[in-house]
Structure formats: C-alpha cells, structure tokens
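Structure record follows, encoded as structure tokens.
Residue numbers (our numbering): 195 to 653.
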C-alpha cells in the first residue's frame with residue numbers, strides 16, 4: 195500500500211514538473227496551430243522575450259512563464275493581451291526583424307547605458323557579396339549620419355585596428371555566441387555600449403542585401419536601426435519609429451529620424467552643437483594650438499584648438515585672403531604665410547622686415563601663381579608645398595626650394611583631390627579638401643579615415 199501511494203505521489207509531482215505547452219487557440223479551422231508552429235513560437239519567445247535570471251524574483255512554472263512572455267510580446271506589438279498563440283501572433287513572429295531581444299538585459303539596470311565619449315570610431319570588417327564595398331561603405335556612412343544630425347555625436351571610420359563599433363557580415367555561428375538563423379527572420383543584431391563586443395553590429399550574410407527595395411533587405415535601413423542599439427537605445431513600441439523591432443524599408447534619400455527615436459537618443463546624448471557643416475580649411479581664421487593628451491583618446495583630433503580669430507586682428511597689413519600658412523617648430527624659424535605670388539614671414543605679431551617677397555625668390559618657377567597648401571615634415575626636416583597635382587620640397591634652414599617637383603597622387607596614395615590645406619601631427623598628415631579632411635598614415639602610406647573639416651574645431 196505504501197509503495198502504491200509513493201508511486202502515485204511521484205507521478206503527480208512529475209506531472210507538475212513537466213513544462214506545459216503554450217496555450218493554443220484556433221478560432222477558425224484554417225487558423226489551426228501546428229506542432230511545428232508551436233516549436234517555432236517557443237524558440238521565438240526564448241530568443242526575444244526571455245529575461246535574464248533575477249535572484250530577487252521567484253520564477254514561475256513554465257506554463258506561466260511562457261504565457262507571460264507571450265503577453266509581453268502582444269503588449270509590445272499592440273495586440274489583444276490574452277497570452278494565447280493565434281494566427282495573428284504567429285504571423286508577427288514570422289516577420290523579418292532585428293535580432294536584439296525585446297526584453298533586453300539592461301532592463302535590470304536603472305542607469306542609462308551610453309558611450310562616455312561623443313567622438314566614436316567604426317570599422318567595417320567583413321562585407322556582403324551582394325553589394326560592392328563602396329556601396330556598403332556609403333550605406334553605413336549615411337546610416338551614421340541620421341544620428342549625428344540630431345546629436346553632438348561624431349563617427350569616424352577606421353581602415354584597420356579596433357574601433358568602438360566593429361561592423362561585419364556573418365552567417366550562423368559567427369563568433370559572438372548569438373548565432374544567426376539563416377535566411378529571413380533575424381536580419382542583424384547589435385550590442386549595447388560596453389567593452390569587448392559592446393557596440394558591435396553583425397548582419398546575417400544568409401540574407402540578400404541591397405541598397406534599394408528589389409526583393410532584398412536594405413543595408414541602410416537595417417544599419418540605421420542597429421546603430422541605435424549600438425548607441426544604447428532599446429526597441430520602440432511605436433510602429434512608425436526606426437527602432438521598431440519589425441523590418442520596414444526606409445528610403446535613404448531625404449530620410450528624417452522620427453520624433454520617437456530623436457527623443458530617445460537625445461535623452462542619452464543631448465542636442466547637437468550647432469556649427470557650420472560647410473566649414474573648409476580655406477576660412478580666413480588663425481588658430482592657436484597646444485597639445486592635449488586627453489584628446490588623443492576621443493578619436494577626433496589630437497590637438498586642442500582653443501583660440502580662433504580673424505587673421506587681420508593680429509596682422510592688419512596682411513591680404514584678406516591667405517592661401518596657406520605653416521610654421522617650422524625647429525631652428526626658431528618664423529611662420530610663413532602665402533598669398534598669391536607673395537609670402538610673408540612672421541615672428542609673433544610682427545611681420546619681419548623685407549617682406550613680402552616673391553615666390554620665385556624661394557626657387558619656385560616664375561610662372562607659379564599661388565601655393566595651395568604646405569606643411570613642415572618633422573621626419574625629413576623639409577617643408578612640402580602643394581600646387582594643383584604637384585608638390586615641391588623646401589629646405590627651411592637654407593631657405594630654398596628643390597627644383598624637382600613630384601606628383602602627390604603617386605607619393606600619397608588615396609589623396610586624389612586638390613589639397614586646400616595640410617598639417618602633420620603624431621605620425622599622420624591631415625589633408626583638407628572642401629568640407630572634408632583625410633588622415634593619412636606616414637608609416638602605412640594610406641588614408642586611415644575621412645573626417646569632416648570642422649572636426650578640427652570640435653575637440
């Protein structure tokens with residue numbers, strides 16, 4: 195008798211311990227939920243609505259846990275909250291979407307997760323074969339821009355090394371313990387700001403990617419959404435928001451960040467600092483500089499520019515338009531400014547006696563009309579002068595230009611446009627063209643990244 199009671203008790207306990215399925219509802223015969231649908235739904239809820247273990251919360255039985263997750267999902271999507279799996283809920287589960295869980299781990303933290311620096315770097319490590327690298331680069335750049343337009347954030351692309359945000363395309367198990375699921379459903383995922391994987395963005399390479407709408411997924415649309423996660427944003431319940439979990443094609447041209455997303459990102463990083471986005475290195479300003487090691491960490495520039503003034507404030511006798519200027523940090527030589535066919539030598543606020551002089555007095559051809567840019571090369575001790583597609587070398591100590599000129603497109607690969615200005619610092623040369631500057635590595639002989647020209651004033 196005791197044996198029979200014990201067996202009966204154990205069977206009753208076992209029945210209560212076994213996980214129960216999600217409640218199913220079939221309102222019509224055509225709405226019947228199959229076992230494979232149920233398996234898919236359980237996997238979906240595990241992937242997107244499974245909160246991390248919280249020791250302060252007593253875990254419920256499986257049937258309650260699954261039903262609660264289903265209710266949570268229905269709440270996110272604005273459905274009737276009943277905890278039942280029906281065809282409408284199942285259809286939502288099968289829509290292509292972001293791979294970031296809707297119940298995120300940082301929901302347990304009361305603080306805001308964000309980057310401590312507002313000047314961030316990114317690098318595209320692996321590409322999709324569906325588009326050219328140039329097309330992917332352009333789409334990613336445009337995706338970052340929608341966030342910089344509404345915040346003080348800046349993003350600078352690295353060609354190698356470790357960036358704050360590492361971007362790659364991969365399939366299935368791709369090295370982060372969050373494998374993709376093959377074509378459709380999960381399109382990409384990103385990690386919130388932190389060390390190691392923090393901020394990284396991964397695209398599922400089993401999807402077909404495009405830069406338009408033709409039967410594939412748009413890189414710009416998905417990248418813009420994932421960048422939001424990489425900056426610290428969670429999913430939005432607003433179907434009109436970019437951060438809505440379900441994929442909806444977004445037209446790249448003239449895209450404006452929805453108000454819901456803008457309010458979220460500005461709550462983390464604030465509003466943008468208004469400056470002139472069209473600033474170029476041809477501006478009639480003079481900038482005093484001093485090195486500030488703290489700024490080497492922020493990915494913007496290595497120098498703190500703390501005084502900007504009109505040139506004529508200091509030197510009223512100079513022409514209104516200066517073509518280029520440079521200073522030689524050795525030999526206590528004067529600073530040199532060029533305007534047209536003439537140049538001036540300055541010591542502090544004083545224009546040295548005997549100036550201006552003619553360019554040909556330095557050894558330039560008499561036909562030369564102006565110098566576009568110049569910088570002192572600390573490695574060789576020479577100054578390089580850039581004119582159209584050529585450059586000359588200048589001996590600062592003996593004040594003469596070597597008669598042979600060179601072509602900078604050959605000697606500085608990657609610098610293709612006319613150079614408006616240049617300076618050298620910390621092993622790199624910054625070349626300016628229009629509203630952009632190009633950081634060129636002297637050691638690696640390549641362009642490391644492209645920045646906006648006004649970054650020089652934003653440290």
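C-beta atoms are modelled at their ideal positions from N, C-alpha and C, and glycine is treated no differently.
For residue 386, same chain residues with a beta-carbon under 7 Å away, outside a window of 5 residues either side, are 300, 307, 392, 423, 426 in chain order. Under the rule that a run must span 4 or more residues, the alpha helix (DSSP H) segments found entirely inside the segment 414-474 read 453-463. The way I'd put it, the segment 431-438 does touch the segment 450-467; three or more beta-carbon pairs between them come closer than 8 Å. Partner residues in the beta bridge of residue 584, as assigned by DSSP, are 581, 601. Under the three-state reduction of DSSP output, residue 380 falls in the strand class. If you ignore the 5 residues before and after residue 551, its C-beta comes within less than 7 Å of the C-beta of 536, 537, all in its own chain and listed in chain order. Closest by C-alpha distance to residue 583, out of 231, 411, 601, is 601. Taking each of 330, 338, 328 in turn and checking the Cα distance to residue 314, the smallest one comes out for 338. Assignment of residue 335 by DSSP, reduced to helix, strand and coil, places it in the helix class. Annotation for residue 401: 377, 381, 411 place their beta carbon closer than 7 Å to its own, counting only its chain and skipping 5 residues before and after. In this structure, residue 625 keeps its C-beta atom at 7 Å or more from the C-beta atom of residue 644. By the beta-carbon neighbour count (other beta carbons within 10 angstroms, threshold 16), residue 606 is buried. Taking all protein chains in view, the Cβ of residue 354 is surrounded by fewer than 16 other Cβ atoms within 10 Å, so the residue is classified as exposed. Residue 347 sits close to residue 463, with the two beta carbons spaced by under 7 Å.
For residue 284, the enclosing alpha helix (DSSP H) covers residues 281-287.
For residue 396, the enclosing beta strand (DSSP E) begins and ends at 395-398. Take the alpha-carbon of residue 634 and the one of residue 619: they are about 10 Å apart.
Here the alpha carbons of residue 365 and residue 322 stand approximately 11 Å from one another. Between the alpha carbons of residue 574 and residue 360 lies a gap of roughly 36 Å. For residue 606, no beta strand (DSSP E) segment is defined, and its DSSP state is neither H nor E. Membership of residue 615 in the beta strand (DSSP E) is indicated by the continuous run 615-619. If you look at residue 637, you'll find it isn't in any beta strand (DSSP E); DSSP assigns it neither H nor E.
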